[in-house]
Amino acid sequence: MKEALLLAIAVYMLAGATIYAGVLTTVVLFLYPSWKTLRPETIPGQFTIPIGAATRFFKAAIPTWTVALVVLLVNE
Numbered sequence: 833m834k835e836a837l838l839l840a841i842a843v844y845m846l847a848g849a850t851i852y853a854g855v856l857t858t859v860v861l862f863l864y865p866s867w868k869t870l871r872p873e874t875i876p877g878q879f880t881i882p883i884g885a886a887t888r889f890f891k892a893a894i895p896t897w898t899v900a901l902v903v904l905l906v907n908e
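Take 833 as the starting number for the sequence shown in my numbering and just add one per residue.
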């Protein structure tokens, strides 16, 4: 049972790392090129809405990732 739980936590950590890397890749490949044409009236669409959504997501995700990582480290 313990091995299955640790495997589930490791898979959860892998999923979290994939999401985090995917967000960074999206910013670099898709969002950054549009910042060259940024104007004051386009700032909310480019920054405010996406950053608000990302903040809500990562406020919940990062503490759970931290707990999962500590569990893995203690059991290593």
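Each residue gets a CB set at the ideal place from its N, CA and C atoms; glycine is no exception.
Problem set entry | residue 870 versus residue 878 - alpha carbon distance | To locate residue 870, count along the sequence shown from 1; it is residue 38. To locate residue 878, count along the sequence shown from 1; it is residue 46. Using only the alpha carbons, I get a separation of about 8 Å.
For this session: Taking 8 Å as the cut-off, decide whether the C-beta atoms of residue 854 and residue 897 are in contact.
Result: To locate residue 854, count along the sequence shown from 1; it is residue 22. To locate residue 897, count along the sequence shown from 1; it is residue 65. No. Outside cutoff.
Exercise. Mind checking if residue 876 is an interface residue toward chain B, Cβ cutoff 8 Å exclusive?
Worked result: As a matter of chain content, chain B is missing from the structure shown, which is built from one protein chain.
Exercise. Cβ of residue 901 within 8 Å of Cβ of residue 845?
Worked result: As a first step, residue 901 is located in the sequence shown; it is residue number 69 there, counting from the start. As a first step, residue 845 is located in the sequence shown; it is residue number 13 there, counting from the start. Closer than 8 Å, so yes.
For this session: Alpha carbon to alpha carbon, how far is residue 899 from residue 833? Give it in angstroms, no decimals.
Result: For this step, residue 833 is matched to residue 1 along the sequence shown. For this step, residue 899 is matched to residue 67 along the sequence shown. The alpha-carbon separation between residue 833 and residue 899 amounts to approximately 19 Å.
Exercise. With residue 907 and residue 839 assumed to form a contact (beta carbons below 8 Å), what rounded beta-carbon distance in angstroms separates them?
Worked result: Your numbering for residue 907 matches position 75 in the sequence shown. Your numbering for residue 839 matches position 7 in the sequence shown. Contact flag wrong, Cβ pair sits at about 11 Å.
For this session: Let me know the secondary structure DSSP gives residue 833 once reduced to three states.
Result: Working through the sequence shown from its first residue, we reach residue 833 at position 1. The answer is coil: DSSP assigns residue 833 none of H, G, I, E or B.
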